[in-house]
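Data block below; observations after.
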Amino acid sequence: MEIVVSGIRPTGDLHLGNYFGALKNFLKMQHQNNCYFFIADYHSLTTHPTPEDLHGNVKRVLVNYLAAGLDPEAATIYIQSDVPQVAELYLLLNMNAYIGELERVASFKEKIRRQPNNVNAGLLTYPTLMAADVIIHRAQKVPVGKDQEQHLEMMRTFANRFNRMYNIDYFPEPQAYNFGEELIKIPGMDGSTKMSKSDNENSCIFLGDAPELIRKKVMKAVSDQGPTTANQPKAQAVQNLFNIMKIVSPDEVYLHFNDLYNSCQIRYGDMKKQLAEDIINFTAPFREKISELSADNDYLRKVAELGAEKARESAAKTIKEVREIIGFKPF
Ligand code: TRP
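So the sequence shown is residues 881 to 1211, counted in my numbering.
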């Protein structure tokens, strides 16, 4: 069984795009590998959240993942800051991380552009913390998207550099975990091809959204004037509505509206009404679970404690060995 590690940014509630992206793959992976999934709360301090926001967002992400089916018995689910060994390994790796290579990382340059008044050392060393997250469990695989490729490369650099420095084959080189089948991309309600909270919160349908809110968001979704000739190609925004419908609605419903479109008889109002009800149905189990779990702090505490224990066990073993390799030895 391969050791897999992935970090989840504590961004609060999850939407349909998150579900069909990383989340659904985590659900499958958790039964096939030795998975460590953690909420990256140390990382999130680079943007200086208030204590209330930080705690609330960590809780909401945890609740959403559990509601969607992440299983604390199958995978090790933990909060990054519950495992201080990660911070120690981060410190050690930083001694061999060069300012020049860190400054060249694309995500760092992007952050400088986005938050020029808060270019802190945590941002610069974000890749070393990520490397520590992964190699603390001596993991082989990291299920991340294309945007994280450079960070993955840095992990390999730091792992290899340590191995070379101490002339020991200790850390494996972490590789990207390939999902195999194609990832389903969920479009936004604003005509964009990707549902994204950072681009436009209103374009997102969250797993826990109340039915009334879902109706409102879907009815406001971008469409067009309607087709004027038979079998006219669909505009992006219209295609988006059909794409979501294909996923959440029964086949005959999708075909029905597709036929109406092709024969120029479609009324988007009707289609959206149907789509909203089907999204409400699809999200019903998540909604119930989310509200149940949000009110159950005892259970959340137990999940976090169980995960922290399992993660610390693995992390403590690595740190003990790393300390010895480096030369921190008892007299
Ligand atoms: N940087 C990742 C993101 O933005 C989150 C993350 C932090 C992560 N540490 C990690 C992902 C370690 C994979 C492995 O999504």
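All residues carry an ideal CB built from backbone N, CA and C; glycine is no exception.
None of these values were measured; they are calculated from a predicted model.
Of all C-beta pairs linking the stretch 1158-1172 to the stretch 1182-1200, fewer than three are shorter than 8 Å, placing the two stretches out of contact. Rounded to the nearest whole angstrom, the CA to CA distance from Ile-1205 to Phe-1051 is 12 Å. If you check the CB distance, Phe-917 and Ala-955 come in under 7 Å. Between the stretch 900-915 and the stretch 938-956, the count of Cβ pairs shorter than 8 Å is three or higher; the stretches touch.
Judged by the Cβ position, Ser-1078 fails to qualify as a neighbour of the ligand TRP at the 6 Å threshold, every heavy atom of the ligand being at least this far. Under DSSP, the beta-bridge partners assigned to Ile-919 are Ile-888, Ile-959. With a minimum length of 4 residues, the unbroken runs of alpha helix (DSSP H) contained wholly in the stretch 967-1015 fall at 979-983, 986-994, 1001-1004, 1006-1015. A contact is defined here as three or more CB-CB pairs under 8 Å, and the stretch 940-952 fails this definition with respect to the stretch 1000-1008. At a threshold of 6 Å, Ser-886 counts as near the ligand TRP, since its beta carbon sits closer than that to one of the ligand's heavy atoms. Remark: the C-beta of His-1017 is outside contact range of the ligand TRP, defined as less than 6 Å to any heavy atom. The beta carbon of Ala-1012 is closer than 6 Å to those of Val-966, Leu-969, Tyr-970, Leu-973 in its chain, skipping five residues each way along the sequence. Relative to Glu-990, the option among Lys-1114, Lys-1021, Asp-1027, Val-963 whose CA is nearest is Asp-1027. As a beta-bridge residue in DSSP terms, Ile-883 pairs with Asn-914. Between the ligand TRP and Val-943, a heavy atom-to-CB distance of less than 6 Å is absent. Taken from the Cβ of Met-1034, every heavy atom of the ligand TRP lies 6 Å or farther away. One thing to note: Val-1022 has its Cβ within 7 Å of the Cβ of Val-885. Around the CB of Tyr-1148, 16 or more other CB atoms lie within 10 Å, so the residue is classed as buried. Within the same chain, and ignoring the five residues on either side of Arg-1192 in sequence, the residues whose Cβ sits closer than 8 Å to its Cβ are Asp-962, Val-963, Gln-965. Straight-line measurement puts the Cα of Glu-1029 at about 19 Å from the Cα of Lys-1065. Comparing alpha carbon positions, the residue from Lys-1074, Leu-934, Glu-983 closest to Val-999 is Glu-983. Spanning the alpha carbons of Glu-1033 and Leu-1063 requires a straight line of approximately 22 Å. At a cut-off of 6 Å, the beta-carbon of Arg-889 counts as near the ligand TRP: some heavy atom of the ligand is closer than that. In this model, Asn-1111 and Tyr-1141 are separated by some 8 Å (Cα to Cα). Counting the other CB atoms within 10 Å of its CB gives Gln-1145 a total below 16, which places it among the exposed residues.
Separation of Lys-1114 and Gly-1106 (C-alpha to C-alpha, rounded to the nearest whole angstrom) is 9 Å. Secondary structure at His-895: strand, using DSSP grouped into helix, strand and coil.
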